[in-house]
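**Q**
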Amino acid sequence: MSVSATHRSVQPLIAPSILSADFARLAEAAAAVRGADWLHVDVMDNHFVPNLTLGLPVVKAILAATDIPLDCHLMIDDPDRWAIGYAEAGAYNVTVHVEAAADPVRLAKNLRAAGAQAGLSLKPGTPLGPHVETLRHYDTLLVMSVEPGFGGQSFIPEVLEKVREARRLVDTGHLRLLVEIDGGINADTIVAAAEAGVDCFVAGSAVYAADDPARAVALLRDRVRAATPHRWTA
Ligand code: DX5
Ligand code: ZN
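My numbering numbers the first residue of the sequence shown as 15 and each following residue consecutively.
1. From what residue to what residue does the beta strand (DSSP E) around VAL55 run?
2. With 16 as the cutoff for other CB atoms within 10 Å, does GLY129 come out buried or exposed?
3. Is it a yes or a no for the segment 70 to 77 touching the segment 227 to 238, going by three-plus beta-carbon pairs under 8 Å?
4. Can you give me the C-alpha to C-alpha distance between THR140 and ILE195, rounded to a whole angstrom?
5. Could you say if the segment 24 to 36 and the segment 51 to 67 meet the contact criterion of at least three C-beta pairs nearer than 8 Å?
6. Can you tell me where the beta strand (DSSP E) with PRO118 in it begins and where it stops?
7. Using only CA atoms, which one of ALA78, GLU113 and HIS188 lies nearest to ARG150?
8. Would you give the residue range spanned by the alpha helix (DSSP H) that ILE98 belongs to?
9. Alpha carbon to alpha carbon, what distance is there between ASP226 and LEU27?
10. Pull every residue with its beta-carbon under 6 Å away from any heavy atom of the ligand ZN, and keep them in chain order.
11. Three-state secondary structure (DSSP) at HIS244?
12. Which residues in the same chain have their Cβ closer than 6 Å to the Cβ of PHE169, if we skip the five residues on either side of it in sequence?
13. At a cut-off of 7 Å, is PRO162 close to the ligand DX5 when judged by its beta-carbon and the heavy atoms of the ligand?
14. Grab me the residues of LYS176's own chain with a C-beta within less than 8 Å of its C-beta, minus the 5 sequence neighbours each way, in chain order.
15. Are the beta-carbon atoms of LEU125 and ALA101 separated by less than 8 Å?
16. Under the DSSP definition of a beta bridge, which residues are partnered with ALA29?
17. What is the rounded straight-line gap between the Cα of LEU66 and the Cα of ILE98?
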């Protein structure tokens with residue numbers, strides 16, 4: 015895994031989102047992004063967001079079909095009850111929404127105890143400040159750069175201020191986590207996200223609409239490296 019002991023990514027992480035893939039061919043969708051760092055899986059319950067995707071049985075099937083670490087993004091109500099199953103199943107990172115969690119600190123402890131990384135996500139309108147102490151218990155911070163629910167939306171540049179704030183907190187040692195961004199990431203927007211301090215970039219349509227998704231992943235990583243060479247080891 016490309017993560018140093020200090021939780022600073024030494025190479026940019028690219029996480030293709032299978033939300034933009036063919037749901038009848040998820041094993042092939044995973045195979046099509048060989049070389050990706052994480053495979054991002056969007057779980058939606060039609061309550062927290064107005065869309066319905068897949069749940070734990072399908073995640074278990076994906077886990078059995080790929081060696082790429084799974085990055086499960088739970089856009090669901092009551093994650094305090096449901097998130098643990100994804101960790102126990104073997105997901106690498108399990109991200110819950112702070113807007114939905116009743117006790118996010120306890121939830122993070124449970125996720126870590128089950129062997130997963132714990133992720134906390136903030137919708138575009140949710141400020142970082144009130145959640146900094148909570149984030150001390152988390153391994154990843156997922157900054158949403160679209161309203162959660164659908165792929166293919168336009169990047170909201172205003173969230174980059176939140177990314178810069180998180181980057182400062184990590185660089186000054188107040189937080190130890192990876193900063194991840196999700197929504198509207200493509201070859202253009204990824205540059206601004208990298209400059210603002212993102213470590214891990216989720217991309218759905220930009221990867222799966224490409225003729226060669228694995229090449230799209232490599233090109234996105236190259237864009238980040240070219241824009242912010244000082245941030246990564248060679
Ligand atoms: C949106 C999901 C995203 C989505 C991103 O709610 O959380 O992961 O797949 O898709 P793009 O990259 O197309 O915006
Ligand atoms: Zn997502």
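C-beta: ideal position from N, C-alpha, C; glycine also.
Quick caveat, the model's predicted, so the values are computed rather than measured.
**A** Checking against the coordinates, here is how it stands:
1. Taken as a continuous stretch (DSSP letters only), the beta strand (DSSP E) holding VAL55 covers 53 to 58.
2. Counting of Cβ neighbours within 10 angstroms places GLY129 among the exposed residues, the total staying below 16.
3. Contact between the segment 70 to 77 and the segment 227 to 238 is absent, because fewer than three Cβ pairs lie under 8 Å.
4. Taking the CA atoms as reference points, THR140 sits about 14 Å from ILE195.
5. Because the criterion of three Cβ pairs below 8 Å is met, the segment 24 to 36 and the segment 51 to 67 touch.
6. Where PRO118 is concerned, there is no enclosing beta strand (DSSP E), although the alpha helix (DSSP H) it sits in stretches over 118 to 127.
7. Looking only at ALA78, GLU113 and HIS188, the smallest Cα-Cα distance to ARG150 is reached by HIS188.
8. Residues 93 to 103.
9. The alpha-carbon atoms of LEU27 and ASP226 are separated by roughly 18 Å.
10. That query returns the following residues: SER31, HIS54, ASP56, HIS87, ASP196 and VAL216.
11. Three-state result, HIS244: helix.
12. If we look at PHE169 and ignore the five residues flanking it on each side, its Cβ neighbours are SER159, GLY198 and THR203.
13. Set against 7 Å, the gap from the CB of PRO162 to the closest heavy atom of the ligand DX5 is smaller.
14. For LYS176, where only same-chain residues beyond five positions count, the Cβ hits under 8 Å are LEU136, PRO141, LEU142 and VAL157.
15. Their beta carbons are under 8 Å apart, which means LEU125 touches ALA101 by this criterion.
16. As DSSP reads the structure, ALA29 sits in a beta bridge with VAL216.
17. As the crow flies, the alpha-carbon of LEU66 is around 20 Å from that of ILE98.
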